[in-house]
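Take a look at the structure set out below.
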Amino acid sequence: MMRKWLCQADVNVRIEPVDSVLIKSGYATLDGADMVPVCTFINGKKTYYFPGTSLKGVLRSHLERISRTLQPNSVCIPYYDPRKQDIKIPVDGERQSHGCGFRTRGNGKDPSAAAYSDSCAACRLFGSLKFAGRFSISDAYPLEGHAAQIEQRNGVGIDRFTGGTVKGVLFDLQVLVGGIFEAKIRMFNFELWQLAALNLLLTDLQDEILQIGSGRSRGLGRVRGCVTDYRVAYAKPVNRLEGLFSLATPEEQREYGLHPWEPASAIGLGDAQQRGLRYEYVITSSWSSALASLIPAFEEFLRWHGGPKGQATHLREGA
Ligand SMILES: [Zn+2]
346 MMRKWLCQAD
356 VNVRIEPVDS
366 VLIKSGYATL
376 DGADMVPVCT
386 FINGKKTYYF
396 PGTSLKGVLR
406 SHLERISRTL
416 QPNSVCIPYY
426 DPRKQDIKIP
436 VDGERQSHGC
446 GFRTRGNGKD
456 PSAAAYSDSC
466 AACRLFGSLK
476 FAGRFSISDA
486 YPLEGHAAQI
496 EQRNGVGIDR
506 FTGGTVKGVL
516 FDLQVLVGGI
526 FEAKIRMFNF
536 ELWQLAALNL
546 LLTDLQDEIL
556 QIGSGRSRGL
566 GRVRGCVTDY
576 RVAYAKPVNR
586 LEGLFSLATP
596 EEQREYGLHP
606 WEPASAIGLG
616 DAQQRGLRYE
626 YVITSSWSSA
636 LASLIPAFEE
646 FLRWHGGPKG
656 QATHLREGA
């Protein structure tokens with residue numbers, strides 16, 4: 346993407362389960378339970394953790410929900426492949442919402458720039474089959490001395506027809522209780538609306554609105570996420586918060602379809618710390634208030650961009 350490094354935001358988030366959490370490993374185990382949480386071995390010790398892919402999936406689907414609420418049909422259905430006729434989309438307005446990864450315009454000078462320009466907000470941020478996206482999140486491991494406890498729960502198979510229990514269908518699951526985990530979020534070459542989207546997600550995480558893992562309808566998975574470190578970095582020193590648009594060349598702005606949004610008044614960042622070639626600004630204590638004026642950028646982007654663009658592959662081939 347752009348083959349340059351212009352800016353980056355790094356955020357550390359401390360995740361505390363409010364309810365018990367189960368992120369299923371999907372592997373058969375000797376633990377006895379049918380469903381067990383994911384674990385790995387760190388320094389020879391069995392450690393339960395939350396995989397970054399699960400966290401990213403939860404954040405993406407939450408952002409898709411926010412986007413559809415603010416602006417109908419503004420994001421694609423990522424796995425909706427137009428060549429697979431068997432996918433039934435129940436909502437009328439979304440029948441053309443093929444995944445951005447299956448779309449192509451094919452007339453741009455730079456195919457990756459055209460793919461970015463045509464992609465919806467969620468794909469621009471989290472990636473699609475065409476490119477990796479700007480946002481990444483690490484696995485969340487427990488802090489030293491704050492590992493989660495394991496508890497056993499039982500479930501009863503329910504007959505989908507009668508609503509009664511099914512004789513002989515019992516299942517056990519193990520859930521994680523308590524613990525404090527930490528994950529690292531990184532967003533490079535961010536546009537200002539993308540930083541706004543990140544802040545919307547961080548706020549909802551803080552307000553315990555997000556649920557992770559399985560069994561959400563049975564009261565599992567609510568988490569609270571607190572920002573413990575927030576910094577933005579640039580290739581050159583800046584005296585106000587800047588996004589990709591003001592750092593890119595006019596040609597890049599056009600090719601990548603960057604959103605030309607500026608806050609009403611400049612957002613100061615304080616003094617830079619130089620780290621190698623990077624100029625880093627730490628905004629851990631002030632991010633929520635200092636970046637509050639960014640929030641409208643997200644809705645404005647959705648309106649300005651107008652949703653997934655370009656034709657779905659099979660339509661072009663059939664033309
Ligand atoms: Zn998309």
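Counting the sequence shown from 1 gives a position; the working numbering is that position plus 345.
Just so you know, even glycine gets a beta-carbon here, dropped at the ideal spot from N, CA and C.
Between the CA atoms of residue j and residue i - distance to the nearest angstrom
i	j	result
G663	P608	Confidence is the limiting factor: at G663 the pLDDT is only 46, short of 50, which leaves the residue's position unreliable, though a coordinate-based value still follows. Whole-angstrom Cα-Cα distance: 44 Å.
D504	T385	35 Å
D426	P605	31 Å
A580	I612	18 Å
Y626	T548	20 Å
I554	K454	42 Å
G615	I360	28 Å
C571	Q353	20 Å
E409	C445	13 Å
S483	Q430	35 Å
S406	E439	16 Å
K349	R563	46 Å
D437	G402	25 Å
W649	L518	46 Å
I422	L603	22 Å
Y424	R469	15 Å
V475	Y601	The amino acid occupying residue 475 in the given sequence is Lys; Val does not appear at that position. One C-alpha to the other measures close to 14 Å.
Q441	P641	27 Å
H491	P653	43 Å
F471	G478	5 Å
E596	Q539	20 Å
G523	E496	10 Å
L586	S464	25 Å
Residue i Cβ short of 6 Å to ligand 1 heavy atom set
i	result
P582	no
S299	Residue 299 lies beyond the residue range present for the chain, which begins at 346 and ends at 664; the question has no answer from this structure.
C445	yes
C352	no
P653	yes
C384	no
C571	no
Residue j beta carbon less than 7 Å from that of residue i
i	j	result
R569	V363	yes
I541	F643	The identity of residue 541 in the sequence shown is Ala, whereas the question assumes Ile. Against a cut-off of 7 Å, the Cβ pair of F643 and A541 comes out as a contact.
N544	M347	no
D355	R620	no
L367	G558	yes
L647	A466	yes
G655	T449	yes
T507	D574	no
L521	Y394	no
F526	A485	yes
L589	E536	yes
Q551	G566	no
L322	L592	No answer is possible for residue 322: it lies beyond the span of the chain, which begins at 346 and ends at 664.
M532	F480	yes
V383	P396	yes
Beta bridge counterpart(s) of residue i as assigned by DSSP
i	result
Q497	Q519
E645	Its beta-bridge partners do not exist; DSSP assigns none.
F386	K391
K529	N357
V366	L521
T380	The residue you asked about is not Thr; residue 380 is Met in the sequence shown. BP columns for M380 point to L518.
Q656	T449
Curious, which full-length alpha helix (DSSP H) runs of at least 4 residues does the stretch 548-626 contain?
589-592 and 595-600
Quick one: which unbroken beta strand (DSSP E) runs of 3-plus residues sit fully inside the stretch 418-485? Chain order, please.
480-482
Please give the ranges of any beta strand (DSSP E) in the stretch 392-416, keeping only runs that are unbroken, at least 3 residues long and fully inside the region.
none
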